[in-house]
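Asker: Okay, handing you the structure first.
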Amino acid sequence: MTSLIPSSRLEGLPGYGRGRATDALAFRHRLGSNECDAPPSADVIAAAYTSLAGANRYPDLRGETLSAELARRFGLDATEVAVSAGSVVLLEQLVRAYCDLGDEVVSGWRSYEAYPIIVGGAGATLVEAPLDEHHRIDPKTILAAIGPATRAVILCNPNNPTGTALAPDTLNRLIEAIPPDVLVIVDEAYAEFNSAATRQASAGLARRGNVAVLRTFSKAWGLAGMRIGYCLADPAIVGALQAVQPPFPLPAPAIAMAVAALGDEAGLRRRVTQAQVQRTTMIEELRAIGLPVAESAANFIWLPLDEDAEDLSRQFQDHGIAVRCFAGAGVRITTGTETDTDAVLAAVTQANERLK
Ligand SMILES: *Cc1c(COP(=O)(O)O)cnc(C)c1O
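If you're matching positions, the sequence shown starts at 0 in numbering that gives the first Met the number 0 and goes up one per residue.
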């Protein structure tokens, strides 16, 4: 029993629902959390083992070994890169660095479920700017939502859970229309799966004085369990983020695995190609069956089913397939192997037969 009362900021924060797959290993097809289905390569695992022999020492103060590697990759200076235990932590640090109590953060909505938790937990208010009819971030609603209390705008591109992406010129025009004293956080957790997005585009965004690009090793790099994210931004933004960042943001094995993974460009291409192939198949086949499916530039697809979302999720569950259900809104299905895609299509076909 405790008589302690937590901060009033905690009132009304939504919970973070886990993809069902991770709760129940009983699922044969774990398509609920946008993870990579393949384990890390032997070289990447060996790098972690090697680092363990030095576990008596503290790791890099700011993860410098990894940020130097990333800076090289993106053609940036090391002062333009920050790393931490997941890009969600970097997002939280940006909000804490730039927002005071009661300040507003605008985000397209529906978007990533962690945003309300992170923004609300930091004492700021998330202002939701509705997506357009194609489930894309809508520059009009974003700009309309920006007011005198707005300190930051989050643009999730490609957007989770809808999978849609803004074209680079649309994104650039939107960013240019946002006041320069508002921080623009571009969450690019799925950028590697988006054929239009290139490394150089991210580096270009990061060179703008009011933009922070967030990336992660959790999705296309297949290292979700190691919790590694990075931020590309102007040195002043990186400095503000690091001013609120506790020291030693990444454990040594995580740094070692990320650096080793960066050396395996072929592995990245394999994972990205598989996701792109499987998402195209799923989208085409599900649309042929008559289901609504949004365009996707990510490693998942979005079925905007409104009130039918829970019903279809249950059907998947009965077939041993874990997906992410957003009750009353839609179902998000992560791309997996060809076998996973076949299972998804078989489950939907059967559900359809029953309805006839
Ligand atoms: C998965 C995801 C993240 C999480 O990244 P971590 O680096 O694992 O914290 C961030 N943003 C979005 C939109 C995601 O879907």
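C-beta: ideal position from N, C-alpha, C; glycine also.
For a quick check, are the C-beta atoms of Tyr15 and Ile116 less than 8 Å apart?
Answerer: Locating residue 15 in the sequence shown gives position 16, counting from the first residue. Locating residue 116 in the sequence shown gives position 117, counting from the first residue. Contact: yes.
Asker: Just to confirm, does Tyr111 get its C-beta within under 7 Å of one of the non-hydrogen atoms of ligand 1?
Answerer: Walking along the sequence shown from the start, residue 111 turns up at place 112. Correct: Tyr111 has its Cβ closer than 7 Å to ligand 1.
Asker: Does the Cβ-Cβ distance between Leu249 and Leu65 come in under 8 Å?
Answerer: Working through the sequence shown from its first residue, we reach residue 249 at position 250. Working through the sequence shown from its first residue, we reach residue 65 at position 66. Their beta carbons are under 8 Å apart, which means Leu249 touches Leu65 by this criterion.
Asker: How do the segment 277 to 285 and the segment 70 to 88 stand: do at least 3 beta-carbon pairs fall below 8 Å, yes or no?
Answerer: no
Asker: Leaving out five residues on either side along the sequence, give the residues of the same chain with a beta carbon under 8 Å from the beta carbon of Asp263.
Answerer: The residue given as residue 263 occupies position 264 in the sequence shown. Contacts found: Ser40, Asp42, Val43.
Asker: Take the Cβ of Arg268 as the centre, count every other Cβ of all protein chains shown within 10 Å, and call the residue buried at 16 or more, exposed below.
Answerer: On the sequence shown, residue 268 is found 269 positions in, with the first residue counted as 1. Counting Cβ neighbours within 10 Å, Arg268 comes out exposed, since fewer than 16 surround it.
Asker: Between Ala166, Leu213, Ala211, Ala176, which lies nearest to Asn193 when the distance is taken from Cα to Cα?
Answerer: To locate residue 193, count along the sequence shown from 1; it is residue 194. Comparing Cα positions, the closest option is Ala166.
Asker: May I ask whether a heavy atom of ligand 2 can be found less than 7 Å away from the beta carbon of Asp186?
Answerer: Ligand 2 is not part of this structure, which contains only ligand 1.
Asker: Please determine whether the Cβ atom of Ala223 lies at a distance below 7 Å from any heavy atom of ligand 1.
Answerer: What you label residue 223 is simply residue 224 of the sequence shown in a count that begins at 1. Checking the Cβ of Ala223 against ligand 1 gives yes.
Asker: Which full runs of the beta strand (DSSP E) of 3+ residues lie inside the segment 112 to 183, going along the chain?
Answerer: Entirely contained in the segment 112 to 183, the beta strand (DSSP E) runs reaching 3 residues are, in chain order, 124 to 129, 149 to 155.
Asker: Please return the same chain residues whose Cβ sits closer than 8 Å to the Cβ of Ala342, not counting the five positions on each side in sequence.
Answerer: By 1-based counting over the sequence shown, the position of residue 342 is 343. Apart from the 5 residues on each side of it in sequence, Ala342 sits with its Cβ closer than 8 Å to the Cβ of Arg27, His28, His318, Gly319, Ile320 in its chain, given in chain order.
Asker: Assuming Ala144 contacts Leu182 (C-beta within less than 8 Å), just tell me the rounded distance between them.
Answerer: Position 145 of the sequence shown holds residue 144. Position 183 of the sequence shown holds residue 182. Between Leu182 and Ala144 the Cβ distance is about 15 Å, and since that is not below 8 Å, they are no contact.
Asker: Quick one: give me the first and last residue of the beta strand (DSSP E) that Phe247 is part of.
Answerer: As a first step, residue 247 is located in the sequence shown; it is residue number 248 there, counting from the start. Per DSSP, Phe247 belongs to no beta strand (DSSP E) and is neither H nor E.
Asker: Apart from the five residues on each side of it in sequence, which residues of its chain come closer than 8 Å, Cβ to Cβ, to Asn351?
Answerer: On the sequence shown, position 352 is the one that residue 351 refers to. Once the five neighbours on either side are set aside, the close Cβ partners of Asn351 are Ile288, Gly289.
Asker: Where does Asn209 land, buried or exposed, given buried means 16+ other C-beta within 10 angstroms?
Answerer: Counting from one through the sequence shown, the residue named residue 209 turns up at place 210. Its Cβ being crowded by 16 or more others within 10 Å, Asn209 is buried.
Asker: Within 10 angstroms of its Cβ, does Tyr48 collect 16 or more other Cβ (buried), or is it exposed?
Answerer: Counting from 1 along the sequence shown, the entry for residue 48 is found at position 49. Tyr48 comes out exposed.
Asker: Does the beta-carbon distance from Pro178 to Leu60 come in below 8 Å?
Answerer: Translated into positions along the sequence shown, residue 178 becomes position 179. Translated into positions along the sequence shown, residue 60 becomes position 61. Contact flag unset, no.
Asker: Taking C-beta to C-beta, are Ala297 and Ala328 nearer than 8 Å?
Answerer: As a position in the sequence shown, residue 297 is number 298, starting the count at 1. As a position in the sequence shown, residue 328 is number 329, starting the count at 1. In this structure, Ala328 does not lie closer than 8 Å to Ala297 by Cβ.
Asker: Can you tell me whether Asp263 is helix, strand or coil according to DSSP?
Answerer: Taking the sequence shown and counting its residues from 1, the one referred to as residue 263 is at position 264. Coil.
Asker: In chain order, what are the residue ranges of uninterrupted beta strand (DSSP E) at least 3 long that sit wholly in the segment 266 to 343?
Answerer: List check, beta strand (DSSP E) in window: 299 to 302, 323 to 325, 329 to 333.
Asker: Determine the extent of the beta strand (DSSP E) in which Ser83 is found, giving its start and end residues.
Answerer: For this step, residue 83 is matched to residue 84 along the sequence shown. It spans 80 to 83 - the beta strand (DSSP E) in which Ser83 sits, taken as one unbroken run.
Asker: If you drop the 5 nearest sequence neighbours on each side, which residues of the same chain put their C-beta closer than 7 Å to that of Ala113?
Answerer: Reading the sequence shown from its first residue, position 114 is the one you call residue 113. So the list reads Tyr15, Val87, once near-sequence residues are dropped.
Asker: Could you tell me whether the segment 299 to 306 touches the segment 322 to 340, where touching means 3 or more Cβ pairs closer than 8 Å?
Answerer: yes
Asker: If Leu173 and Val185 are in contact, beta carbons under 8 Å, what's the gap, nearest whole angstrom?
Answerer: Working through the sequence shown from its first residue, we reach residue 173 at position 174. Working through the sequence shown from its first residue, we reach residue 185 at position 186. With a Cβ gap of about 10 Å, Leu173 and Val185 do not count as contacting.
Asker: Is it right to say Arg214 is buried, meaning 16 or more other beta carbons lie within 10 angstroms of its own, or is it exposed?
Answerer: Here residue 214 is taken as the residue at index 215 of the sequence shown, counted from 1. It is buried - the Cβ of Arg214 has at least 16 other Cβ atoms within 10 Å.
Asker: Can you tell me where the alpha helix (DSSP H) holding Arg71 begins and where it ends?
Answerer: Residue numbering aside, residue 71 sits at position 72 when the sequence shown is read from its first letter. In the DSSP assignment, Arg71 falls within the alpha helix (DSSP H) that extends over 63 to 73.
Asker: Report the option in Val322, Gln316, Pro129, Pro252 whose CA atom is closest to the CA atom of Arg56.
Answerer: Taking the first residue of the sequence shown as position 1, residue 56 is located at position 57. The shortest C-alpha separation from Arg56 is found at Pro252.
Asker: Assuming the contact rule is C-beta atoms closer than 8 Å, Ala293 and Thr163 should be a hit. Round their C-beta distance to whole Å, please.
Answerer: In the sequence shown, residue 293 corresponds to position 294, counting from 1. In the sequence shown, residue 163 corresponds to position 164, counting from 1. Contact between Ala293 and Thr163 holds, since their C-beta atoms are separated by about 6 Å, short of 8 Å.
Asker: Determine the DSSP secondary structure at Tyr15, reduced to helix, strand or coil.
Answerer: Sequence index remark: in the sequence shown, residue 15 carries index 16 (1-based). Tyr15 falls in the coil class under three-state DSSP.
Asker: For the alpha helix (DSSP H) that contains Arg95, what are its first and last residues?
Answerer: Reading the sequence shown from its first residue, position 96 is the one you call residue 95. 86 to 97 is the extent of the alpha helix (DSSP H) around Arg95.
Asker: Starting from Leu51, trace the beta strand (DSSP E) in both directions and tell me its first and last residue.
Answerer: On the sequence shown, residue 51 is found 52 positions in, with the first residue counted as 1. Looking at the DSSP string, Leu51 is not in any beta strand (DSSP E); the run it does join, the alpha helix (DSSP H), is 41 to 51.
Asker: If you compare alpha carbons, which of Leu222, Ala202, Leu311, Cys155 is closest to Tyr189?
Answerer: Working through the sequence shown from its first residue, we reach residue 189 at position 190. Cα-wise, what sits closest to Tyr189 is Cys155.
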